[in-house]
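Student: If you read the sequences in order, they're chains A and B.
Under my numbering, the residues of the first sequence are numbered 4 to 287, in order.
Under my numbering, the residues of the second sequence are numbered 4 to 287, in order.
Using N, Cα and C, we set each Cβ at its ideal position, and we do this for glycine too.
If you scroll down you'll find the structure; I have some questions about it.
Protein chains: 2
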Amino acid sequence: MLRALSQLGVQRAALEDPGYGDLAVSDSARAARAVGIDVVPVPVDEFGLNVTALEASGVRAVVVTPAHQSPTGVVLAAKRRHALLEWAARNDGFVIEDDYDSEFRYDREPVGVLQGLAPDRVFTIGTVSKSLAPAVRLGWVLVPPALADAVAAEKRVSDRGSSGLDQLAVAALLESGRYDRHLRRMRAVYARRRGVLIDSLARHAPGVRLTGLAAGFHAVAHLPESADERAVVAAARQRSVGLYGMGPERSTTVAAPPQLVLGFGNVGERAVESGIAAVADLLR
Amino acid sequence: MLRALSQLGVQRAALEDPGYGDLAVSDSARAARAVGIDVVPVPVDEFGLNVTALEASGVRAVVVTPAHQSPTGVVLAAKRRHALLEWAARNDGFVIEDDYDSEFRYDREPVGVLQGLAPDRVFTIGTVSKSLAPAVRLGWVLVPPALADAVAAEKRVSDRGSSGLDQLAVAALLESGRYDRHLRRMRAVYARRRGVLIDSLARHAPGVRLTGLAAGFHAVAHLPESADERAVVAAARQRSVGLYGMGPERSTTVAAPPQLVLGFGNVGERAVESGIAAVADLLR
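See the structure below:
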């Protein structure tokens, strides 16, 4: 996909910030530079990617996570979606839509993909890494029809294809309806953990605002401005509570507010509760 | 691996001829050019890669199939092996040893890998594509120690790793000894098919010389000089006998002798017999 874009003359692409951390060392940025595409960060706010900043950056491609921005958890607002597609049309631009966490949405029906609105300008990528397991190493790309052959050739030269056994196993899961059943079951499991996270934080640290809860398995806790994000993360780890600061996800860390990324995907309800209690204790 | 070589300043690499067909379109050549390495063909004769021609080509890397050259079936001669490693030492060169078909050797013990003789200059690549199935998509690389980190990073940026499930399954096969048992059983199966191929050809077309039989699942039949390789292949296909000419594997086809590549890996003994009878009929 990246090579196909490079062959179309795309020389610079934008990545969401926060999103990929330090672009000097991030794998995604390396993958882009490996095919001669330089990357620049474009800020994300409470409505998702800042399309005005994207326009100003002068790039011709952008990677976005509209369903549940990684890692802020923001959903790309309807206005921004339209602005993004207008940007693409005006600039001969391309959108790589990472359809991240769209399977696990709690407040309403899944948001539609951008790809349906502009199939010639949008690549939509998906994966079973979240819904089944990262070890499966399977994903898919919806490609603008004119670029499908180029992307297929790129995949063939890159690795000659993914595991046939795993593809057949996932196909059998899909065809049998068991994949859908699995998603429904897991959505309920994650929804309960999410509920425990919300309740625990409200009880133990009522002053801490929580955002990014519409989908996925993580939320963002907004710490008091005086808090030291790195110190809180380090102290929590010492108490065996594994959480992440937003800092490492940022490309631009100047004047960044202290925030925690709280994951509940692989943590049981009791562990969520006791983890939050420990963090609240640290914030006192 | 290719990117790591490119980062070391390798700008041109040699591929065996015959071996990869038309380098303008072959996947291997495309993969090299994708990281900025140009490829040139170097001829193979009855002793394997012509190291004098390699030296003259001025490249700094070469891909070889020493155990059973693909597709001539020639084994790289001991003298050539030493010459190849001397070439590498003299030219700050690197050898990519595709340890192709080494598991299935019929006349004597498997030939040792080049890598053991010059671990700082040789990458040895292997795969379960032949021993289990291509659909498994698993292989390995023995990397010169100084380049191991760079190759691991290259793999990570390329695909973030191969299927964990398949890796665990193959690891279980290896640890249990069942992989070795499978190789031994299949070696006997292929040896019988190979025997049928040799006997059938001797009986039906005694004038046709067969080479490349020391290992693997294919042999090369040397047709009379007057034979039209492409016409024989086309006529055989019309009779539902699937075989290949050497022509499409060659980079340089000027004055190439007519040869057939006869595979017996996925063909039963009776089909080998009747296929050879049909081809012999065509040659009359």
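Given a limit of 7 angstroms on CB to CB distance, which residues of the region 27-45 of chain B reach chain A?
Tutor: Of all residues in the region 27-45 of chain B, Asp30, Arg33, Ala34, Ala37 have a Cβ within less than 7 angstroms of some Cβ in chain A.
Student: Of all Cβ atoms in chain A, is any one closer than 8 angstroms to the Cβ of Asp102 of chain B?
Tutor: Output row for Asp102 of chain B: interface = no.
Student: Nearest to Ala27 of chain B by alpha carbon, out of B:Arg190, B:Ile128, B:Ser254?
Tutor: The shortest Cα separation from Ala27 of chain B among B:Arg190, B:Ile128, B:Ser254 belongs to B:Ser254.
Student: Within the region 216-278 of chain A, note down every full alpha helix (DSSP H) run reaching 4 residues or more, in order along the chain.
Tutor: Correct list: 232-241.
Student: Looking at the structure shown, is Glu178 of chain B part of a helix, part of a strand, or coil, going by DSSP?
Tutor: Here Glu178 of chain B sits in helix by DSSP.
Student: Ala136 of chain B: which of B:His185, B:Glu58, B:Ser29 sits nearest, CA to CA?
Tutor: Minimum Cα distance to Ala136 of chain B is reached at B:His185.
Student: Considering only the beta carbon of each residue, do Asp104 of chain A and Ala239 of chain A sit closer than 8 angstroms?
Tutor: Result no, Cβ atoms of Asp104 of chain A and Ala239 of chain A do not sit closer than 8 angstroms.
Student: Are any of the Cβ atoms in chain B nearer than 8 angstroms to that of Met167 of chain A?
Tutor: Checking the displayed sequence, the identity of residue 167 of chain A turns out to be Gly instead of Met. Closer than 8 angstroms to some Cβ of chain B, the Cβ of Gly167 of chain A qualifies, so yes.
Student: Are Pro21 of chain A and Thr68 of chain A touching if we call contact CB-CB under 8 angstroms?
Tutor: No, the pair does not count as a contact, with Cβ atoms beyond the cut-off.
Student: I want to see whether chain A comes within less than 8 angstroms of Val139 of chain B, judged by CB atoms only; does it?
Tutor: Closer than 8 angstroms: yes.
Student: Which partner residues does Arg108 of chain A have in the DSSP bridge list?
Tutor: In DSSP, Arg108 of chain A forms a bridge with A:Ala218.
Student: If the cut is a Cβ gap below 7 angstroms, which residues of chain A does Val160 of chain B touch?
Tutor: Within 7 angstroms Cβ-Cβ: Asp30, Arg33, Ala34, Ala37.
Student: Between the C-alpha atoms of Ala174 of chain B and Asn269 of chain B, what's the straight-line distance to the nearest angstrom?
Tutor: Distance between the alpha carbons of Ala174 of chain B and Asn269 of chain B: 25 angstroms.
Student: Does Gly268 of chain B come within less than 8 angstroms of chain A when only Cβ atoms are used?
Tutor: No, Gly268 of chain B does not count as interfacial toward chain A.
Student: Would you call the region 48-60 of chain B and the region 84-91 of chain B touching, i.e. three or more CB-CB distances under 8 angstroms?
Tutor: Enough Cβ pairs lie closer than 8 angstroms, so yes.
Student: Show which residues of chain B have a CB atom less than 8 angstroms away from the CB atom of Arg6 of chain A.
Tutor: Those within 8 angstroms of Arg6 of chain A in chain B are Ala37.
Student: Which runs of the alpha helix (DSSP H) spanning at least 4 residues fall entirely within the region 48-130 of chain B, listed in chain order?
Tutor: List check, alpha helix (DSSP H) in window: 54-60, 81-93.
Student: Could one say the Cβ of Gly12 of chain A lies closer than 8 angstroms to chain B's Cβ atoms, at least one of them?
Tutor: Chain B, which has no Cβ nearer than 8 angstroms to the Cβ of Gly12 of chain A, makes this no.
Student: Can you name the residues that DSSP bridges to Gly142 of chain A?
Tutor: In the DSSP output, where bridge partners are listed per residue, Gly142 of chain A has A:Thr130.
Student: Would you tell me roughly how many angstroms separate the C-alpha atoms of Asp48 of chain B and Leu57 of chain B, rounded to the nearest one?
Tutor: Each residue's alpha carbon lies about 13 angstroms from the other.
Student: Starting from the beta carbon of Gly164 of chain A, find every residue of chain B whose beta carbon is closer than 8 angstroms, and list them in chain order.
Tutor: Near Gly164 of chain A (Cβ distances below 8 angstroms), the residues of chain B are Arg140.
Student: How big is the Cα-Cα spacing for Pro148 of chain A and Val154 of chain A?
Tutor: In a straight line, the C-alpha of Pro148 of chain A is about 10 angstroms away from that of Val154 of chain A.
Student: From which residue to which residue does the alpha helix (DSSP H) around Arg287 of chain A run?
Tutor: Here Arg287 of chain A belongs to no alpha helix (DSSP H), and DSSP marks it neither H nor E.
Student: If contacts are defined as beta-carbon pairs under 8 angstroms, then Ala37 of chain B and Val160 of chain A qualify, I think. What distance do you get, rounded to the angstrom?
Tutor: Contact holds; Cβ gap of about 6 angstroms.
Student: With a threshold of 8 angstroms, are at least 3 pairs of Cβ atoms found where one atom belongs to the region 266-280 of chain A and the other to the region 205-221 of chain A?
Tutor: The region 266-280 of chain A is in contact with the region 205-221 of chain A.
Student: Should Arg190 of chain A and Glu272 of chain A be called a contact, given that it needs their Cβ atoms to be closer than 8 angstroms?
Tutor: In this structure, Glu272 of chain A does not lie closer than 8 angstroms to Arg190 of chain A by Cβ.
Student: Between Leu285 of chain B and Leu226 of chain B, which are expected to be in contact by the criterion C-beta below 8 angstroms, what is the C-beta distance as a whole number of angstroms?
Tutor: Going by Cβ atoms, the distance from Leu285 of chain B to Leu226 of chain B rounds to 10 angstroms, so no, they are not a contact pair.
Student: Leaving out five residues on either side along the sequence, give the residues of the same chain with a beta carbon under 6 angstroms from the beta carbon of Val199 of chain B.
Tutor: Glu272, Val275, Glu276.
Student: Would you identify the three-state DSSP class for Leu18 of chain B, choosing helix, strand or coil?
Tutor: Three-state result, Leu18 of chain B: strand.
Student: My assumption, with CB atoms under 8 angstroms, is that Leu5 of chain B sits in contact with Ala34 of chain B. Please give the rounded CB distance.
Tutor: Contact flag correct, Cβ pair sits at about 6 angstroms.
Student: Taking all protein chains shown into account, decide if Asp41 of chain A is buried (16 or more other Cβ within 10 angstroms of its Cβ) or exposed.
Tutor: That one is exposed.
Student: Which of the three DSSP states is assigned to Leu213 of chain A in this structure?
Tutor: It is a strand residue.
Student: Kindly give me the distance between the Cβ atoms of Glu100 of chain A and Val116 of chain A, rounded to whole angstroms, as I take these residues to be in contact under 8 angstroms.
Tutor: Right, the Cβ-Cβ distance comes to about 6 angstroms (below 8 angstroms), so this counts as a contact.
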